[in-house]
Amino acid sequence: MEDAHVVDLDVDGTGSTALFGVFDGHAGAEVAAFCARHIGGVLPSTEAYKAGDLEAALSEAYLQLELMMKDPTHRQELALLSAGLKPGRKRLANEALADSYGTLDEDGCYLGPKAGCTACVAAVRGEEMYVANVGDSRCVLCESGGTAVSLTRDHKPELSGEEERITKAGLSVVRNRVYGDKSSLAMTRALGDTKYKDPNLPPEHQAISPVPDTTQYIVGSAAGGCEAACPARTSPPIPGDSDPGAADAAEFMILACDGLWDSLSNEQASAADGCRSPTAGHRLRAANPALHGGRAAPAWQIPAVEFVRQFLQSGDTPQQAARALVEECLSDDGGTPVSTDNITVLIVKFEPLPAAAGNS
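For the sequence shown, position 239 (counting from the first letter as 1) is numbered 238 according to numbering that gives the first Met the number 0, and the numbering increases by one without interruption.
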């Protein structure tokens with residue numbers, strides 16, 4: 000299992016900010032696990048966070064995580080996570096394990112982890128939410144009325160500007176993959192992946208960049224609190240999106256790795272380019288099996304947002320909705336392709352503000 004996630008309803012101890020994120024690891028589980036373990040502590044310690052700039056703080060936190068993983072003082076923790084061991088426990092082999100871990104330069108000095116991960120993180124403060132993303136995990140939100148809104152875009156070589164940065168950094172793109180030395184990646188931004196990065200280049204110029212896209216969304220009147228659930232198995236606003244200040248109140252959002260989205264069609268995933276996708280016409284298919292011959296339609300035949308919405312409207316918890324969505328993507332129904340990837344789904348339900356605190 001190379002996925003990790005974080006849910007922190009009070010990231011700084013003041014009750015002002017909640018943090019949610021999914022991290023999809025590749026070439027090992029340790030970078031995803033490291034980022035999930037540390038982002039909740041790193042975010043409130045950034046200068047931007049202290050200055051009240053939550054959007055800039057997310058970007059700063061991503062770069063801080065990147066630097067931490069390159070620091071030899073964190074090498075042992077990453078090595079232990081790589082071996083499936085619990086950091087902090089005393090083991091005689093810890094130093095030997097760390098000495099053999101990671102990417103090394105010509106002199107044998109540690110440069111950072113070979114493994115990497117996507118990072119899709121949402122921070123909610125009052126009515127404001129900011130989403131930061133590197134890689135191909137996604138955040139899709141449901142507005143009141145059932146409209147699905149994609150708050151991220153996949154970082155792939157075909158995305159405008161990505162291939163130009165990659166080639167300037169000295170790597171190449173072949174068949175929509177980024178090629179380094181004897182290895183390749185399907186994404187153009189990630190945390191970790193030191194072997195794809197030039198120590199002489201700044202983060203924004205790296206072939207595999209750790210710099211996230213960030214998107215603002217005004218959650219609206221439903222920003223009073225959050226309820227989250229996550230089952231797991233072994234920049235500018237998005238083009239085409241409306242003014243965030245004019246958005247309808249949010250009902251819930253889904254943060255998930257590509258193990259989920261690859262099981263759905265482009266329409267069902269609310270389109271990777273970030274356009275809005277009304278879901279009228281698909282309602283009740285998931286929640287009312289009697290409408291479809293006594294069984295629910297597979298999740299990849301209906302929008303994921305509508306699938307979850309019907310569960311929540313029926314009184315199910317976010318945990319139940321998330322588990323049902325994962326199980327649908329893993330089911331083998333009449334020869335439908337089964338996802339063989341790790342699947343992590345995090346559903347965050349927004350609760351209304353209390354009437355007495357509406358203006359607080």
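C-beta atoms are modelled at their ideal positions from N, C-alpha and C, and glycine is treated no differently. Quantities reported herein were computed from a predicted structural model and do not represent experimental measurements.
Asked: Report the start-end ranges of each beta strand (DSSP E) in the segment 3 to 66 that is 3 residues or longer and not cut off at the edges.; Found: 16 to 25
Asked: Please report the distance separating the alpha-carbon of glutamine 215 from that of methionine 128.; Found: 6 Å
Asked: Excluding the 5 residues preceding and the 5 following valine 30 in the sequence, name in chain order all residues of the same chain whose CB lies nearer than 7 Å to its CB.; Found: Gly24, Met68, Pro112, Ala114, Gly115, Cys116, Leu190 and Gly191
Asked: Label arginine 174 either buried or exposed according to how many other C-beta atoms from any shown protein chain fall within 10 Å of its C-beta, with 16 as the threshold for buried.; Found: exposed
Asked: Between the beta-carbon of valine 218 and the beta-carbon of alanine 248, is there less than 9 Å?; Found: yes
Asked: Mind checking whether alanine 56 and leucine 66 have CB atoms under 9 Å apart?; Found: no
Asked: Would you check if the segment 44 to 61 and the segment 145 to 159 touch, i.e. whether three or more CB-CB distances between them fall below 8 Å?; Found: no
Asked: Cysteine 138 lies in the beta strand (DSSP E); which residues open and close that run?; Found: 137 to 142
Asked: Would you tell me roughly how many angstroms separate the C-alpha atoms of threonine 213 and cysteine 141, rounded to the nearest one?; Found: 18 Å
Asked: Which first and last residues belong to the alpha helix (DSSP H) in which lysine 167 is found?; Found: 161 to 167
Asked: List the DSSP bridge partners of methionine 0.; Found: Paired residue(s): none; methionine 0 is not in a bridge.
Asked: So proline 202 packs on leucine 62, CB below 8 Å; how close in whole Å?; Found: 6 Å
Asked: Answer with buried or exposed for glycine 83, where buried requires no fewer than 16 other C-beta atoms within 10 angstroms of its C-beta.; Found: exposed
Asked: Please report the straight-line C-alpha distance between arginine 137 and alanine 185, rounded to a whole angstrom.; Found: 15 Å
Asked: What does serine 183 pair with, by DSSP beta-bridge criteria?; Found: Tyr178
Asked: Locate the alpha helix (DSSP H) running through aspartate 257, then write down its first and last residues.; Found: 257 to 260
Asked: Which of the three DSSP states is assigned to aspartate 197 in this structure?; Found: coil
Asked: Once you ignore the five residues that flank leucine 64 on each side, which residues in its own chain have a CB closer than 7 Å to its CB?; Found: Cys34, His37, Ile38, Val41 and Leu190
Asked: Can you give the Cα-Cα distance for lysine 348 and arginine 308, rounded to whole angstroms?; Found: 10 Å
Asked: Rounded to whole angstroms, what's the CA-CA distance from glycine 101 to arginine 74? Just pull it up for me.; Found: 8 Å
Asked: Starting from arginine 124, trace the beta strand (DSSP E) both ways and give me its first and last residue.; Found: 118 to 124
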